[in-house]
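There are 2 protein chains.
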Amino acid sequence: MTLEQAIAKMNELQAAQQAYNHAMGVLSLDGDTAAPSASARGRGETMGYLSGVTYKLLVNDEVKEALETILQNKDAATPLQARQAELLKEDYDDTTRIPMDEYVAYSTLITNANAVWHEAKQKDDYASFAPYLEQIIDYNRRFASYKDQHKPAYDVLLDGYEKGASTATLDPFFALMREKLTPIILEVAQKPAPDCSFLEQRFPIHDQRIFSDRLMQMMGIPRDRCAIAETEHPFTTNFNKWDVRITTNYAETDVADSMYSVIHEGGHALYELGTADEIQFTCLASGASMGLHESQSRFYENLIGRSLPFCRALLPVMQECFPDQMKGVTAEGLYAAVNRSQPSLIRTQADELTYPLHIAIRYEMEKRMIAGDVKVGELPALWNQMYLDYLGVTVPNNREGILQDVHWAGGMIGYFPSYALGSAYGVQMLHALEKDFDPWCDVEKGDLSRITAWLGDKIHRHGRMLTPPQLLRSAIGQDFDPSCYTAYLTKKFADLYKL
Amino acid sequence: MTLEQAIAKMNELQAAQQAYNHAMGVLSLDGDTAAPSASARGRGETMGYLSGVTYKLLVNDEVKEALETILQNKDAATPLQARQAELLKEDYDDTTRIPMDEYVAYSTLITNANAVWHEAKQKDDYASFAPYLEQIIDYNRRFASYKDQHKPAYDVLLDGYEKGASTATLDPFFALMREKLTPIILEVAQKPAPDCSFLEQRFPIHDQRIFSDRLMQMMGIPRDRCAIAETEHPFTTNFNKWDVRITTNYAETDVADSMYSVIHEGGHALYELGTADEIQFTCLASGASMGLHESQSRFYENLIGRSLPFCRALLPVMQECFPDQMKGVTAEGLYAAVNRSQPSLIRTQADELTYPLHIAIRYEMEKRMIAGDVKVGELPALWNQMYLDYLGVTVPNNREGILQDVHWAGGMIGYFPSYALGSAYGVQMLHALEKDFDPWCDVEKGDLSRITAWLGDKIHRHGRMLTPPQLLRSAIGQDFDPSCYTAYLTKKFADLYKL
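Heads up: the protein sequence lines correspond to chains A and B, in order. So for the first sequence, this note's numbering puts the first residue at 177; every next one is plus one. So for the second sequence, this note's numbering puts the first residue at 177; every next one is plus one.
The following block contains the structure:
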């Protein structure tokens with residue numbers, strides 16, 4: 177196979193993958209937003225069929241030969257082609273190293289585990305879920321060994337979600353979080369809570385929908401390329417830079433809930449909307465990693481969206497959309513309310529300050545689960561003990577404890593740390609940006625265009641051209657430094673709570 | 177190839193076709209309902225790719241051999257298998273008899289013609305659309321000759337949309353429509369128009385959405401298998417009997433518009449929802465023809481939905497959803513209003529009585545277009561003359577004249593007659609049903625379940641097992657008789673307008 181033939185084959189593969197990913201992505205989105213409930217069966221048939229086709233598209237000798245040909249002649253290929261071959265070969269290796277029968281058995285297990293978890297959570301019945309979790313842990317450990325039997329299994333899993341992540345960097349990261357944040361969290365708990373009652377009035381969903389449009393407008397999200405829908409859990413999905421979707425969920429008596437969902441998902445969307453034209457319809461057209469993606473969503477949600485200047489810009493918009501509810505509220509009052517910090521049970525509802533400790537608990541648990549030094553039956557007790565140790569919170573039941581997250585039921589062990597990493601990356605990006613210009617005047621005017629242009633140039637446009645550590649270094653000119661994150665949180669909450 | 181192998185191959189083909197049709201159907205629906213405007217480009221790429229795959233799925237020697245093997249051994253196959261092979265072979269022949277390069281050129285022409293038509297309609301500029309229409313006519317004439325060079329081209333096209341339809345039956349059908357309906361239309365025009373003003377007040381779209389749910393409930397549409405969305409033009413699409421979608425379009429000052437769209441599309445939906453379990457995920461799982469489909473939608477919309485008993489059931493529901501607007505309205509007043517008849521310009525807004533003549537005009541024009549005895553430049557004048565002759569209406573411009581329908585721009589010549597045929601089929605079905613039981617007590621109570629069960633048994637469950645004429649004969653026990661349709665219309669409007 178000549179290099180030219182290999183590149184043609186690779187392009188053909190990517191065009192096909194894009195088409196199938198697009199189709200399956202829309203089927204899935206439709207299932208979450210518009211499809212009637214009984215449609216699941218037909219969708220299952222279709223998804224199963226198309227998954228089989230995409231498997232065969234990638235896993236065949238011709239593709240293997242093409243990718244190897246390009247990788248052996250990297251210098252003769254363009255940098256984009258070389259990187260595409262690299263990522264596709266990683267994907268090929270990941271897919272082929274697991275024996276087909278194990279892969280199928282694992283897929284079935286996950287489907288069943290998910291259904292069991294849903295019911296277990298509802299009924300607060302950990303025992304029914306435990307055998308599934310045990311098998312999921314076993315499979316993940318085994319799959320990690322197929323990938324690299326010389327590295328600790330949990331390191332392999334971490335690297336699978338966030339290239340370059342390992343316990344060597346995450347152990348000190350989470351230790352630092354605990355060391356620096358625990359004292360502040362304890363101090364904040366002694367202070368009077370800010371008034372949040374005005375955010376908990378009745379906000380008709382019809383008005384919240386209009387408010388979402390205004391928020392997306394403030395964020396500079398081009399609506400001809402990005403639509404919003406409603407789902408139980410908010411998410412972002414993208415097909416190409418001309419077609420990105422975010423979703424939110426409206427609670428009538430909690431306007432901040434959807435508001436920060438829209439800003440968070442809007443951050444994910446801006447990343448995808450900002451990928452370069454020349455990488456569209458290839459495997460490079462997407463965020464660099466989960467962590468980098470979270471860095472963008474949390475950048476907009478917390479660093480910008482929960483700042484005082486943004487609250488100043490937000491208040492008149494809220495007062496326009498909700499005149500009765502927001503009457504008499506000040507920007508400072510809004511700022512205090514959206515930053516109320518309080519140790520709590522549920523990760524997804526945690527504030528910016530306590531959030532990293534929720535992740536630290538999951539990280540610690542996953543490490544022990546994969547190491548095999550704790551039995552599955554003992555996990556709830558361990559969870560509850562850690563919530564008490566890390567956050568001073570007593571867990572009343574498993575529903576609000578170990579059963580709260582979908583991740584483990586979905587087979588995702590090693591995924592949680594990227595949430596905290598993303599937040600930490602974001603703070604370093606903000607510092608780098610502030611060296612180039614002062615963003616806060618713009619933010620106060622509700623104009624995020626210069627900020628998005630800066631992130632677009634440093635992060636968004638590159639897609640998956642660089643590995644996460646490469647991209648971070650190229651964007652901020654330095655390596656990962658978690659102390660920036662703890663320093664940021666310490667200062668923000670010391671100011672807010674006058675510590 | 178053994179029969180067993182052939183059947184396995186055919187089943188494999190159908191499973192694949194179902195998956196691709198489902199995926200492409202959802203992509204298209206998403207494009208019409210939820211996708212951002214700039215998404216068209218990426219969707220075009222994906223649809224193009226998947227169309228190519230589905231072409232190759234069907235058009236290959238192995239499929240040909242399999243289908244021929246089954247057709248040669250029909251008696252050894254089950255009736256379902258034999259019918260599947262028959263329909264798939266028809267599809268295979270239709271697809272392969274057109275040379276690939278002509279097919280591609282025609283697809284491109286249609287895509288362009290559609291865009292040009294949109295603009296031409298907006299700008300009332302027939303001249304810009306004319307060269308496209310000319311080519312479309314030429315292609316259709318040529319494609320018809322590829323299919324059967326011994327039959328008149330227009331007969332071939334008619335048969336393509338409605339198996340068994342031909343000028344031999346449609347010429348007398350439309351002649352009868354003109355002969356019987358024109359005098360009534362003229363008489364009605366002399367009578368005072370009923371009061372419709374209460375339907376043209378402000379009906380907030382939010383309330384209309386709730387009303388749509390109530391209408392679907394009245395129709396007995398199972399919502400776990402059928403969802404509703406909003407599009408510019410209402411339509412129905414189905415993926416299998418567990419996943420059917422209808423759409424509507426809300427006009428704030430015209431509540432009847434969306435109301436009858438929901439009932440019409442609901443009729444299409446009930447057809448698809450009622451197909452038998454054992455034909456799902458095969459090529460049989462769909463309505464028998466366009467005409468049969470319209471027979472169902474117009475059955476619910478006109479025969480039931482515009483009847484006095486249904487208005488009696490509808491009124492309290494409308495009064496619940498729109499108490500201010502519907503105050504003091506009587507069932508008789510509602511019945512008169514939703515049946516106002518008036519010769520008009522636009523087919524899609526025509527009433528039940530004048531509608532067939534709109535179709536008659538298109539039928540006559542298509543016949544001449546395909547025969548080639550009228551130049552494309554002369555078509556608007558012919559259109560306008562026929563509107564004057566058939567309906568006594570003066571066409572002020574081409575936008576509201578020859579450019580009003582999308583069909584010809586979409587390459588659909590020979591499609592219109594199925595609308596009128598469907599209405600006529602429906603009346604014969606109603607007569608047959610009335611021989612089995614009196615439906616009107618049920619209708620007055622808002623209970624359509626016995627009616628839907630009857631249609632389900634006679635029509636819906638069969639899917640494409642029978643040809644349209646076979647199905648009609650099996651359902652009503654007699655052949656097609658258009659005089660039932662004219663008699664029904666004559667009686668209804670004579671009563672309504674006291675002629």
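The beta-carbon is built from N, C-alpha and C at its ideal position, and this holds for glycine as well. What you are looking at is a predicted structure, and each value in this text was computed from that prediction instead of being measured.
Residue of the options minimising C-alpha distance to residue i
i	options	result
B:S462	B:Y268, B:L642, B:K240	B:L642
B:A216	B:A291, B:A351, B:S304	B:A291
B:E576	B:V239, B:R219, B:D277, B:K297	B:K297
A:Y337	A:I537, A:L606, A:G467, A:G622	A:G467
A:L391	A:Q366, A:E408, A:I422, A:G639	A:I422
A:H583	A:A182, A:S471, A:E554, A:I313	A:I313
B:D400	B:D419, B:Y315, B:T429	B:D419
A:S283	A:Y268, A:L263, A:Y315	A:Y315
A:A195	B:E188, B:G443, B:Q518, B:Y225	B:Y225
B:R544	B:I286, B:I589, B:G504	B:I589
B:S465	B:P359, B:E408, B:Y511, B:L647	B:L647
A:Y268	A:T178, A:V619, A:K232, A:M353	A:K232
B:H440	B:Q366, B:L357, B:G340, B:Y595	B:Y595
Three-state secondary structure assigned by DSSP to residue i
i	result
B:T524	helix
A:R575	coil
A:F457	coil
B:V514	coil
B:N249	coil
B:R378	coil
A:F415	strand
B:R482	coil
A:T506	coil
A:M276	helix
B:K327	coil
B:I286	helix
B:R399	coil
A:C372	coil
A:F498	coil
B:D389	helix
Through-space distance from residue j to residue i, alpha-carbon basis
i	j	result
B:A452	A:S321	49 Å
A:K667	B:M494	60 Å
A:Y476	A:V552	38 Å
B:E521	B:V571	Looking at the sequence itself, residue 521 of chain B is Leu, so the reference to Glu does not match. Cα to Cα, the separation comes out at about 7 Å.
A:G220	B:R538	43 Å
A:Q325	A:D331	11 Å
B:V229	B:E241	19 Å
B:F415	A:L247	43 Å
B:P593	B:D335	11 Å
A:S483	A:D623	14 Å
A:L203	A:G218	11 Å
B:Q190	B:P398	26 Å
B:E188	B:T424	35 Å
The alpha helix (DSSP H) enclosing residue i, as first and last residue numbers
i	result
B:I535	531 to 547
A:F669	659 to 672
B:T272	255 to 272
B:T643	Where B:T643 is concerned, there is no enclosing alpha helix (DSSP H), given that its DSSP letter is neither H nor E.
B:E428	Here B:E428 belongs to no alpha helix (DSSP H), and DSSP marks it neither H nor E.
B:W584	Taken as a continuous stretch (DSSP letters only), B:W584 belongs to no alpha helix (DSSP H), as it is neither H nor E.
B:G224	216 to 234
Residue i - containing beta strand (DSSP E), residue span
i	result
A:C402	402 to 406
B:R421	419 to 424
Integer-rounded CB distance, given that residue j should sit under 8 Å from residue i
i	j	result
B:T209	A:A210	7 Å
A:F379	A:V431	4 Å
B:G443	B:Q472	5 Å
A:L243	A:K265	5 Å
A:G639	A:H469	At roughly 12 Å, the Cβ-Cβ gap does not stay under 8 Å, so A:G639 and A:H469 are not in contact.
>> Residues of the stretch 213 to 229 of chain A in Cβ contact with chain C at a cutoff of 7 Å, in chain order, please.
In response: Checking the listed chains, one finds no chain C in this structure; the protein chains it contains are A and B.
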